[in-house]
Amino acid sequence: MLRLIVWNSAETAQHTIELYDHAPVNLNYQFADVSQINKTQGSYSQTFRIPATKQNKDFFGSIDKPNIEDTSDLIISNYSVKQKIKAALSYNTIPLMNGYVQIKAVYIQKKDFSDIELIFFGDTIDLATALKEKKIADLTTTSIDHTLNYVNLIASMGGSLKSGNVVYGFMDKGRNWTFAEGQDPPYTSTSALWQGDFTPYVRAKWLIDTIMSEAGYTYDSNLFDSADFLKIYLPAYNGSITPRSDDNSSETQVAGVGLSSDYAITTSYALIPLVNTASGGYDYSSNWNNTTYVWTAPYTCHVTFTLSVDVTSGSTGIVTSQIRKNGIIPVLQLNSTGQFTWTLDVAAGDTLAMYSTMTGGSIILQSNPVGAFNATFFRIDSVSEPLQGQDIKMNRNFPDIKQIDFLMGLQKMFNLVFIPDNNKPKHLIIEPMQDYVATGTQKDWTNKVDYNKDVVITPTTDIQKNVFDWENSAGQDFINVAVQESADRVYGRHRVEDKDNDFATGEAKVQTQFAPYILSNIPSSSIAIHRCIDKEGKGIQSPKARLAYYNDVDTSVGDVYVYDDALTSTNIGYLPNFSNYNAIAPTVPNNDLNFGYERAFIFLNSHPVNTQYYRYWMGFVNELYSADSRLLTAYVKLTRADIQDFEFSDRIYIKDTYYRILKISNYDATTGGVVQVDFIKILSDVKDCVDQPTGQRTSGASLGAITFNGGATDYGSQACCERYGFVWFPDKAGGNPRCYPSTFIPTPNIT
Numbered sequence: 099m100l101r102l103i104v105w106n107s108a109e110t111a112q113h114t115i116e117l118y119d120h121a122p123v124n125l126n127y128q129f130a131d132v133s134q135i136n137k138t139q140g141s142y143s144q145t146f147r148i149p150a151t152k153q154n155k156d157f158f159g160s161i162d163k164p165n166i167e168d169t170s171d172l173i174i175s176n177y178s179v180k181q182k183i184k185a186a187l188s189y190n191t192i193p194l195m196n197g198y199v200q201i202k203a204v205y206i207q208k209k210d211f212s213d214i215e216l217i218f219f220g221d222t223i224d225l226a227t228a229l230k231e232k233k234i235a236d237l238t239t240t241s242i243d244h245t246l247n248y249v250n251l252i253a254s255m256g257g258s259l260k261s262g263n264v265v266y267g268f269m270d271k272g273r274n275w276t277f278a279e280g281q282d283p284p285y286t287s288t289s290a291l292w293q294g295d296f297t298p299y300v301r302a303k304w305l306i307d308t309i310m311s312e313a314g315y316t317y318d319s320n321l322f323d324s325a326d327f328l329k330i331y332l333p334a335y336n337g338s339i340t341p342r343s344d345d346n347s348s349e350t351q352v353a354g355v356g357l358s359s360d361y362a363i364t365t366s367y368a369l370i371p372l373v374n375t376a377s378g379g380y381d382y383s384s385n386w387n388n389t390t391y392v393w394t395a396p397y398t399c400h401v402t403f404t405l406s407v408d409v410t411s412g413s414t415g416i417v418t419s420q421i422r423k424n425g426i427i428p429v430l431q432l433n434s435t436g437q438f439t440w441t442l443d444v445a446a447g448d449t450l451a452m453y454s455t456m457t458g459g460s461i462i463l464q465s466n467p468v469g470a471f472n473a474t475f476f477r478i479d480s481v482s483e484p485l486q487g488q489d490i491k492m493n494r495n496f497p498d499i500k501q502i503d504f505l506m507g508l509q510k511m512f513n514l515v516f517i518p519d520n521n522k523p524k525h526l527i528i529e530p531m532q533d534y535v536a537t538g539t540q541k542d543w544t545n546k547v548d549y550n551k552d553v554v555i556t557p558t559t560d561i562q563k564n565v566f567d568w569e570n571s572a573g574q575d576f577i578n579v580a581v582q583e584s585a586d587r588v589y590g591r592h593r594v595e596d597k598d599n600d601f602a603t604g605e606a607k608v609q610t611q612f613a614p615y616i617l618s619n620i621p622s623s624s625i626a627i628h629r630c631i632d633k634e635g636k637g638i639q640s641p642k643a644r645l646a647y648y649n650d651v652d653t654s655v656g657d658v659y660v661y662d663d664a665l666t667s668t669n670i671g672y673l674p675n676f677s678n679y680n681a682i683a684p685t686v687p688n689n690d691l692n693f694g695y696e697r698a699f700i701f702l703n704s705h706p707v708n709t710q711y712y713r714y715w716m717g718f719v720n721e722l723y724s725a726d727s728r729l730l731t732a733y734v735k736l737t738r739a740d741i742q743d744f745e746f747s748d749r750i751y752i753k754d755t756y757y758r759i760l761k762i763s764n765y766d767a768t769t770g771g772v773v774q775v776d777f778i779k780i781l782s783d784v785k786d787c788v789d790q791p792t793g794q795r796t797s798g799a800s801l802g803a804i805t806f807n808g809g810a811t812d813y814g815s816q817a818c819c820e821r822y823g824f825v826w827f828p829d830k831a832g833g834n835p836r837c838y839p840s841t842f843i844p845t846p847n848i849t
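Numbering (the numbering used here), first residue to last: 99 to 849.
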């Protein structure tokens with residue numbers, strides 16, 4: 099007997115709905131349910147009718163009488179057509195579909211009789227509805243918030259800060275570090291790095307766990323628990339040059355001070371009595387002292403200030419003005435009238451003040467006119483977040499990306515499927531497609547096929563696209579922009595063109611919400627970091643989210659000096675290494691977070707072959723685009739036990755071939771029987787090219803050559819060499835051609 103159970107609004111009580119005897123309830127199951135988390139519906143029933151009996155109206159209320167507004171005991175207030183009603187459909191205790199029902203219409207018959215028309219939607223990954231417009235900045239980050247101090251900074255790089263969920267990396271956000279001659283190189287003993295020059299990166303796994311938990315979901319995933327995935331992090335950077343906290347509001351630390359009246363200066367340096375009560379003056383956080391005429395740094399920070407010097411019309415001689423730190427150290431000197439803007443680092447408690455002197459004649463500094471600020475003044479234009487010592491609020495540093503877009507970006511990068519657990523509400527199994535289908539059970543349905551009806555076998559040519567692209571989103575940093583402008587594509591794209599299919603039409607694209615994480619060298623050095631700056635050297639103010647591997651610390655960079663909590667320059671001797679590769683010095687077998695092979699902007703012995711496309715998408719695409727690919731449509735006699743037991747990963751054997759189920763159409767839950775099923779043929783290990791790159795020669799005449807198929811002297815073929823992004827060159831000793839890394843071509847020169 100077919101049974102429909104519904105739950106009350108709080109999902110704490112069940113109610114049995116009366117059905118018409120033997121009335122068909124046709125169910126549809128489709129694979130798209132588990133492969134698209136932004137869908138709001140998937141498997142479903144055809145519409146079916148139930149009688150408006152007293153038992154059914156006890157649940158739905160008098161919905162057949164629009165003028166009555168009654169209240170059901172099981173529904174909070176009236177039933178709402180906007181409300182999902184949790185439901186389960188079974189036959190003699192055999193579960194057929196879990197999900198929810200929706201009322202579509204009410205039919206009045208012979209005045210006094212009514213039917214309620216329902217549609218049943220199967221469980222879907224309704225994360226889009228659960229997450230709505232929430233951004234990752236809306237996540238609760240209490241468990242990973244921390245104080246930026248020397249101990250935590252060093253601990254993070256060793257993987258022990260917040261259980262490894264936060265690691266401080268090194269990227270250029272507008273500091274424009276360089277080792278060019280005549281310029282101060284970064285991190286020397288006399289010009290050490292501030293702790294805030296490092297950027298917190300948060301583990302992608304922590305973000306996934308928190309998004310799912312706060313949405314009310316749980317999950318299992320071998321991929322997310324793998325050692326490789328646990329190395330993937332998101333830079334917590336949204337435009338602030340130093341990590342942000344809730345301790346200080348940097349925007350309110352500014353001040354502007356001027357002269358309350360014209361002021362005569364002498365032939366020796368004198369402190370100028372600037373006050374915030376002068377016309378146009380301000381001091382939002384009381385950092386300026388109108389008695390001592392100094393601005394006091396509220397914390398250790400970068401300060402950008404402007405000094406303006408103007409004199410009265412009768413003044414003669416030369417005026418020289420300085421901004422001094424702590425009353426002694428000139429940090430800016432202006433040898434005439436005019437304006438100058440400067441940026442420097444100050445420690446908490448440091449003071450800045452204006453001093454002036456003159457030579458020859460008589461100099462009177464001009465005060466600001468009423469309501470203006472354009473004569474003699476000293477202005478603190480901007481104050482950064484603290485350079486160290488602040489309590490970091492991690493969600494204040496996250497880039498602007500929705501939680502659902504973050505998950506969808508991962509789904510596209512790793513070709514993920516999200517499988518609802520039939521036995522555990524709101525619990526998902528999340529794995530790459532290739533891993534999921536590998537778990538399927540083998541089932542022989544040969545004798546279940548109804549050969550009295552057509553069995554249709556078709557090639558996949560009609561569903562193939564002429565061009566299929568996999569890529570990340572366009573980045574705003576200067577290298578990403580340069581690639582987009584010169585090559586008219588996003589860095590790291592992979593393209594599949596089906597030139598052999600005369601029937602393929604159109605284009606399709608898989609695009610993540612992440613920008614490429616590109617490494618380039620600090621100018622005049624071989625030290626590779628991500629430089630999130632524009633062509634003017636300014637930090638990107640609203641950067642897109644991006645992902646990178648953490649590869650531990652790189653000790654090959656030499657001396658690296660960092661200010662400890664006492665502002666003592668301390669040599670740590672390494673830098674944290676974040677990269678799109680999963681190794682500091684990647685080789686052929688390593689992984690790359692790009693989809694396609696690219697020329698790196700740093701030196702590599704060889705680019706890795708395991709891009710996201712080749713790791714997670716190649717098998718799926720080759721199964722679809724192979725000349726041996728086939729779709730099969732057949733009518734199959736399925737029992738209710740078959741329906742209860744099947745998974746989309748199952749390997750269905752029919753006659754002499756294995757298939758996967760794509761869709762089951764219009765299964766009659768009341769009577770069972772023959773039903774239409776769409777399959778796709780399973781192809782075993784379809785290679786992208788007959789020769790697979792596996793290593794690189796480290797000695798001999800063919801030093802540096804790429805080797806194939808696990809052999810030390812197997813050099814593959816030119817076609818497969820070029821297929822995987824390498825170049826086919828004559829052997830170094832002048833012998834037979836060999837496959838070499840693209841590093842044999844000079845590295846692109848973008849600085």
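Even glycine gets a Cβ: it sits at the ideal position worked out from N, Cα and C.
How big is the Cα-Cα spacing for residue i and residue j?
i, j, result
"T414", "D381", "33 angstroms"
"V719", "F512", "13 angstroms"
"M456", "K636", "37 angstroms"
"N619", "I700", "6 angstroms"
"E116", "K155", "10 angstroms"
"P149", "Y205", "10 angstroms"
"S419", "I461", "12 angstroms"
"Y118", "T558", "42 angstroms"
"A353", "Y361", "21 angstroms"
"A739", "F157", "30 angstroms"
Across which residues does DSSP place residue i in a beta bridge pair?
i, result
"K491", "The partner list for K491 (beta bridge, DSSP) is empty, contrary to what the question assumes."
"R301", "Y331"
"A646", "Y331"
"E98", "Limits of the chain in this structure are 99 at one end and 849 at the other, which puts residue 98 out of reach."
"G267", "T297"
"T418", "T455"
"I778", "L729, R758"
So for residue i, helix, strand or coil by DSSP?
i, result
"L722", "helix"
"A362", "strand"
"N250", "helix"
"V581", "helix"
"N154", "helix"
"C630", "coil"
"E483", "coil"
"C787", "coil"
"Q281", "coil"
Using C-beta distances below 6 angstroms, list every residue in its chain close to residue i, excluding the 5 sequence neighbours before and after it, in chain order.
i, result
"R101", "S188"
"T145", "K202, E215, I217"
"T239", "M492, N493"
"D171", "Per-residue confidence for D171 stands at a pLDDT of 47, beneath the threshold of 50, marking its modelled position as unreliable; no derived number is given."
Between residue i and residue j, is the Cβ-Cβ spacing less than 8 angstroms?
i, j, result
"K642", "G573", "yes"
"T653", "Y672", "yes"
"T537", "S747", "yes"
"V554", "T731", "yes"
"P497", "S343", "no"
"N570", "E605", "no"
"D892", "Y299", "Beyond the ends of the chain as shown, which are 99 and 849, falls residue 892; an answer cannot be given."
"I759", "V773", "no"
"Y647", "S677", "yes"
"N689", "I682", "no"
"D479", "T439", "yes"
Leaving out five residues before and five after residue i in sequence, what residues of the same chain have Cβ atoms less than 7 angstroms from its Cβ?
i, result
"H120", "T768"
"G809", "none"
"L251", "Y266, Q293, F296"
"I242", "K260, N263, V264, V300, W304, M492"
If you drop the 5 nearest sequence neighbours on each side, which residues of the same chain put their C-beta closer than 8 angstroms to that of residue i?
i, result
"N807", "D789, Q790, T792, G814"
"D443", "W292, T398, C399, H400, V401, L485"
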